[in-house]
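Notes follow once the structure below has been shown.
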């Protein structure tokens, strides 16, 4: 909303209030809202209305805005110029010949945009007209969402969406609690608790909340609208009820887009409306990503423009020479000496119009149609359908299909992407004692299972912990009994899990958690007799202070224990820990329970605990990490009463602050989370997803460099890397697996020095190795990465301090060193990385490896930055909601589906779109150069050779459908072979099928064919003076014959590009020629072009034309046939070999084996041939064949003296393939 409009509204409001000037509602950067229950909210508001619009256009702006966008495309702007020039008197063409194709292209695009925008409009209208209860000053009445204004008191009922950003004041739940679902906002399906602050929910209300509004009188101070949606992204205070201002935060803010669940009703105050709600502020147009093929097409247009310039300058010069020599002898043409200059000037524009077909006007439309269909085929692929979750693959954009076939760097999250993100508590260490499967036997301390006490549900049969000692050790007062009790208490209390009623017949509650880790820990506590079963909101009194807190009820071995939660210091990617401050009813002591990453907890341990408790725990943590388990450390302390009261006062002040609230709260957390005692550590198993190792091996064989960016520690990452086939057996030893793991205890200066030393050492190790060496891997820790991608320091007020020039240079230097090292390694694992560091690592490659396509894949909100940063972003719809999917370009349900998405659909899309582009330029060069060469016969006067209307149908009717079908359905190799022979994918990485040099070859072929067509026409058709009916042959008869030859020639070229013929291909090829003959008849009998009347039929009656057609087409195609034969038979590439294998050609295996030059060739040949034959007959399952064993023999890793037997070699299952040069 503009400031002028705001001033106008302010003036109108002044008039409405009798001339009293209202204060600025957002003075001082704070929004102030007053509500008095007895009076209605003024409908005239200085804030935006709640009407929302997500449409791109309106009725008034559609035409100008859409045309502006379309003419931003170079080709459309070019044809607009041509259309204007065609309207000039000197134009050799009827202007409609240029205007109609342009209108057609613009109309198709405009209709597509209009349909999409109208669908958005209908959705907007449905939302804007939704009804909601609103307090009108005397009663609750329904109004439309669009009529809501800031300051309205609203009543939202169960299973209803929130129409604006609303401050929760009261609910039907106890103590103002309600539960909401945020799946429409962030994709998370688990319910979240929201709670009104005590002063507003203490105001009495009837069961339906009917009289609540009459008693309410408050003033709210709110921070200004912003797009952030984290836990500290909104700050507010409420006054008018108590003497003090009560702080409010995101816990009380109900965002538009969320839905009320399991709560009869809530009452809230509208804080932000319409475009100022957080949902709409985040509803920004996604960054438009263009594929490398699209960018190359732009470069190709410059080549065509340059070629066009050369042609019309050449034509103009030739015309000048011809006129100077022949103007006087040919005076009857009207060329006078004084008119020669004007003729030359007009000649420039005439040639420009004449050669407009050099630019394929239909190319962009054709590309959009093909990409749209390719995206639809991705969505329909059952190989990427996950039956367990009923989730198909989803192409959220069609612009990047071919980019999927050119990926060179793949950046992957670990948890939920490579793993299942189904956490299971497996092991723990408490007081120096390890617990878990098999530990009772190892430690010779076996104990029987204890029965569950009264009120506890039965132990889960799927709980694999398998150690019964923890409770015995507490009862027996073992040395670690106190720590064990604190450890299990922490698991049951230190979390934000929500309890829901369990399934019928099951006494246990169901846990809803924002993190699978939290849920696994609470379930573990339940199975170990510490059963958390209820969370209640309540006011907690400590001395004279009333704290708005919660109560967690935990059944500890049959006894209900009450834990009063007085503060929750929540987890985030910066803190890497979570704490709760609770009063334990067993001893009435205030305790702090903290769990987090080992390096973070270590920094906060007391000296005694660090010396006594940490060494054995560190050893156990290392063992767990080597098993690939996720580890957390747990610590606790008792807080003296006085210390807590002093600290809580500071926390309350920080929570009430309207500036830098989150930073001040973080400082308070730092102050209390100190001098902790380590009580134990946990190890959670997160299994790899099905098919991950095979998928990574296939991607590596395809030449894709796989990087894993994880928050785990180094040992865990290495173990997962080996399990997932990322770190191969070749990557062992210091010279093959470079590990840069900087000690967390070192100070910054020493750690920085060590980082540089380790980088230099790594560079020396790989100095003599080639790029992306198969035997080189890198694992680097977050401490080292922190010096390359540092978190900026902040002032005491929370403002970020900009880096100095020296710091920027140092960071850039380290980044370049890291890049050099990474380029030498086949696999890279980055540990302990934050979300922003993930994006920075992706950008390091994207910005420095020019022309290399990057792909990022993840499943959680912490992966969104890197998904957006990469050329292609893929989201996995997993356990952490749909945030990653909502930010992605493509969505799949499992990591293993990448094989099908990249090696099949990506490779197909790249090769198909490449064929479409090359062919489109070729066919336009053929007809344009034929037109230009006619200038040699007409004194270079830019005379039109082909009938204008016939020429305009060239791209639209006679050459469009066969290539479109080939670009959609053609498969040069089958999906099965694409997966089995991953190195076929390298063609896309090398830009083999579409690049400027290759395009120049296609253009040269078009020029050659045009020359051949015109030379033979000049010697055969144009020299035949009389047709069979005695009438003279003219230009139009000759041009019709040449045009006929061109239509046949370019459609035969499509057949060269087509390897998969479907029924549509034959049908449309036939329909194309039917259309051509129908047009000949129509053009001959109509008067669209008077000169063409009867010309086409006369052309068909000339025997010379029927002789000309096979001769000229054969002359054009025979050299190509010879070239293709030599290429296929003498210099076959991988693609051709695999195609022959699919066609069951007997000599294909012979060629493949000969290419290997391997002593084991006869063995491989016999085994491969047998397996292929059995597979084709259906006698051998595909899984048994794997990659068919077609591979060169590699040195076996079991030692130089090992000799592989014939049967073992034949049956090897590896991911290599025919080892011949790529095309």
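In our numbering, the protein residues as written are 105 to 1327. Idealized CB from N, CA, C, for every residue including glycine. Fair warning: this is a prediction, and the values are worked out from it, not measured in the lab.
Whole-angstrom distance between residue 1079 and residue 1071, CA atom to CA atom
Translated into positions along the chain shown, residue 1071 becomes position 967. Translated into positions along the chain shown, residue 1079 becomes position 975. About 16 Å.
Using a 10 Å radius around the Cβ and a threshold of 16 neighbouring Cβ atoms, would you call residue 465 buried or exposed?
Translated into the one-based positions of the chain shown, residue 465 becomes position 361. By the 10 Å Cβ count, residue 465 comes out buried.
Inspect the CB distances between the segment 371-386 and the segment 263-279 and report whether three or more fall short of 8 Å.
With the rule of 3 Cβ pairs closer than 8 Å, the segment 371-386 counts as touching the segment 263-279.
Put residue 832 into one of helix, strand or coil per three-state DSSP.
On the chain shown, residue 832 is found 728 positions in, with the first residue counted as 1. The answer is coil: DSSP assigns residue 832 none of H, G, I, E or B.
At which residue ranges does the segment 742-769 contain complete alpha helix (DSSP H) runs of 4 or more residues, listed in the order of the chain?
Runs found: 745-760.
As assigned by DSSP and simplified to three states, the class of residue 1155:
Stepping through the chain shown from its first residue, residue 1155 is reached at position 1051. Of the three classes helix, strand and coil, the one that applies to residue 1155 here is helix, per DSSP.
How big is the Cα-Cα spacing for residue 1304 and residue 880?
Working through the chain shown from its first residue, we reach residue 1304 at position 1200. Working through the chain shown from its first residue, we reach residue 880 at position 776. With a pLDDT of only 38 at residue 1304, under the threshold of 50, the placement of this residue in the model should not be trusted; the figure read from the coordinates follows. Approximately 20 Å, taken between the alpha carbons.
Comparing C-alpha positions only, which one of 416, 1018, 739 and 669 sits nearest to residue 689?
Within the chain shown, numbered from 1, the residue matching residue 689 stands at position 585. Nearest of 416, 1018, 739 and 669 to residue 689, Cα basis: 669.
Return the Cβ separation of residue 708 and residue 780 in integer angstroms, given the expectation that the two are a contact with Cβ distance under 8 Å.
Within the chain shown, residue 708 is the residue found at index 604, counting from 1. Within the chain shown, residue 780 is the residue found at index 676, counting from 1. Rounded to the nearest angstrom, the Cβ distance from residue 708 to residue 780 is 5 Å, consistent with a contact under 8 Å.
Run the CB neighbour count on residue 841, radius 10 Å, all protein chains shown included, and call it buried at 16 or more, exposed below.
Position 737 of the chain shown, counted from the start, is the residue given in the question as residue 841. Residue environment for residue 841: buried (at least 16 other C-beta atoms within 10 angstroms of its C-beta).
The beta strand (DSSP E) that contains residue 635, what's its start and end?
Counting from 1 along the chain shown, the entry for residue 635 is found at position 531. Judged by DSSP secondary structure, residue 635 falls within the beta strand (DSSP E) whose first and last residues are 634-646.
At what residue ranges does the segment 512-570 contain a whole run of the beta strand (DSSP E), taking only runs of 3 or more?
Fully enclosed beta strand (DSSP E) runs of no fewer than 3 residues occupy 528-534 and 537-539 of the segment 512-570, in order along the chain.
Note the first and the last residue of the continuous alpha helix (DSSP H) segment covering residue 1075.
As a first step, residue 1075 must be located in the chain shown, where it is residue number 971. Careful: residue 1075 lies outside any alpha helix (DSSP H) and carries neither H nor E.
Would you mind working out which of 454, 274 and 354 sits nearest residue 195, comparing C-alpha positions?
As a position in the chain shown, residue 195 is number 91, starting the count at 1. Among 454, 274 and 354, the Cα nearest to that of residue 195 is on 454.
Going by alpha carbons, who is nearest to residue 513 out of 1109, 1220 and 977?
Locating residue 513 in the chain shown gives position 409, counting from the first residue. In this structure, 977 is the residue among 1109, 1220 and 977 with its C-alpha nearest to the C-alpha of residue 513.
In the DSSP output, which residue or residues are listed as bridge partners for residue 781?
Locating residue 781 in the chain shown gives position 677, where the first residue counts as 1. Answer is 740, bridged to residue 781.
Tell me the start and end of each unbroken beta strand (DSSP E) in the segment 323-384 that is at least 3 residues and wholly inside, in chain order.
Runs of the beta strand (DSSP E) spanning 3 or more residues and lying entirely within the segment 323-384 occur at 340-343, 350-352, 363-365 and 369-376, in chain order.
Taking the alpha helix (DSSP H) that residue 1090 belongs to, which residues open and close that run?
Counting from one through the chain shown, the residue named residue 1090 turns up at place 986. Its alpha helix (DSSP H) spans residues 1090-1093.
Which residue wins for smallest C-alpha separation from residue 613, given the options 598, 625 and 630?
As a first step, residue 613 is located in the chain shown; it is residue number 509 there, counting from the start. Answer by Cα proximity: 630.
Applying the 10 Å Cβ sphere with the 16-neighbour rule, what's the burial state of residue 1101?
The count along the chain shown starts at 1 and reaches residue 1101 at position 997. Residue 1101 is exposed by the Cβ-count criterion.
Three-state secondary structure (DSSP) of residue 1209:
Position 1105 of the chain shown, counted from the first residue, corresponds to residue 1209. The answer is helix: DSSP assigns residue 1209 an H, G or I state.
Contacting residues, own chain, Cβ-Cβ under 7 Å from residue 507 (five flanking each side not counted)
Your numbering for residue 507 matches position 403 in the chain shown. Closer than 7 Å at Cβ, skipping near neighbours: 395, 396, 957, 975 and 976.
Please list the terminal residues of the continuous alpha helix (DSSP H) segment that includes residue 858.
Within the chain shown, the letter at position 754 stands for residue 858. Under the DSSP assignment, residue 858 falls in the alpha helix (DSSP H) whose first and last residues are 852-869.
Starting from the C-beta of residue 1039, find all residues in its chain whose C-beta is less than 6 Å away, skip the five residues before and the five after it, and write them out in chain order.
Start at 1 with the first residue of the chain shown, and residue 1039 comes out as number 935. Cβ neighbours of residue 1039 beyond the five flanking positions: 419.
Taking all protein chains shown into account, decide if residue 488 is buried (16 or more other Cβ within 10 angstroms of its Cβ) or exposed.
As a first step, residue 488 must be located in the chain shown, where it is residue number 384. Result: buried.
Would you call the segment 1006-1022 and the segment 1086-1099 in contact, with 3 or more CB pairs under 8 Å?
With the rule of 3 Cβ pairs closer than 8 Å, the segment 1006-1022 counts as touching the segment 1086-1099.
Pair within 8 Å by beta-carbon distance, residue 152 and residue 377
Taking the chain shown and counting its residues from 1, the one referred to as residue 152 is at position 48. Taking the chain shown and counting its residues from 1, the one referred to as residue 377 is at position 273. In this structure, residue 377 lies closer than 8 Å to residue 152 by Cβ.
My output table needs one value for residue 452: the three-state DSSP class, helix, strand or coil.
In the chain shown, the residue the question calls residue 452 occupies position 348. Here residue 452 carries a helix assignment [DSSP, helix/strand/coil].
Any idea which residues DSSP pairs residue 657 with across the strands?
Along the chain shown, read from residue 1 onward, the residue named residue 657 stands at position 553. Here residue 657 is bridged, per DSSP, to 638 and 666.
Report the residue from 1203, 1193, 1204 and 1212 whose alpha carbon sits nearest the alpha carbon of residue 1123.
Numbered from its first residue, the chain shown carries residue 1123 at position 1019. Checking every option, the nearest Cα to that of residue 1123 belongs to 1212.
Measure from the alpha carbon of residue 1176 to the alpha carbon of each residue in 1144, 1121 and 1059, then state which is nearest.
The residue you call residue 1176 lines up with position 1072 of the chain shown. Minimum Cα distance to residue 1176 is reached at 1059.
For residue 258, count neighbouring Cβ atoms within 10 angstroms of its own Cβ and tell me buried if that reaches 16, exposed if not.
Along the chain shown, read from residue 1 onward, the residue named residue 258 stands at position 154. With 16 or more other Cβ atoms within 10 Å, it is buried.
Helix, strand or coil for residue 1111? Go by DSSP, reduced to three states.
Here residue 1111 corresponds to residue number 1007 of the chain shown, with the count starting at 1. Three-state DSSP puts residue 1111 in a helix.
Are residue 970 and residue 989 close, meaning C-beta to C-beta below 8 Å?
Here residue 970 refers to the residue found at position 866 when the chain shown is read from its first residue. Here residue 989 refers to the residue found at position 885 when the chain shown is read from its first residue. For residue 970 and residue 989, no; Cβs fall outside 8 Å.
Using DSSP's beta-bridge definition, name the partner residues of residue 410.
Residue numbering aside, residue 410 sits at position 306 when the chain shown is read from its first letter. Answer is none; residue 410 lacks a bridge partner.
Boundaries of the alpha helix (DSSP H) in which residue 890 is found, first to last residue:
Taking the chain shown and counting its residues from 1, the one referred to as residue 890 is at position 786. Looking at the DSSP string, the run of the alpha helix (DSSP H) that includes residue 890 is 886-892.
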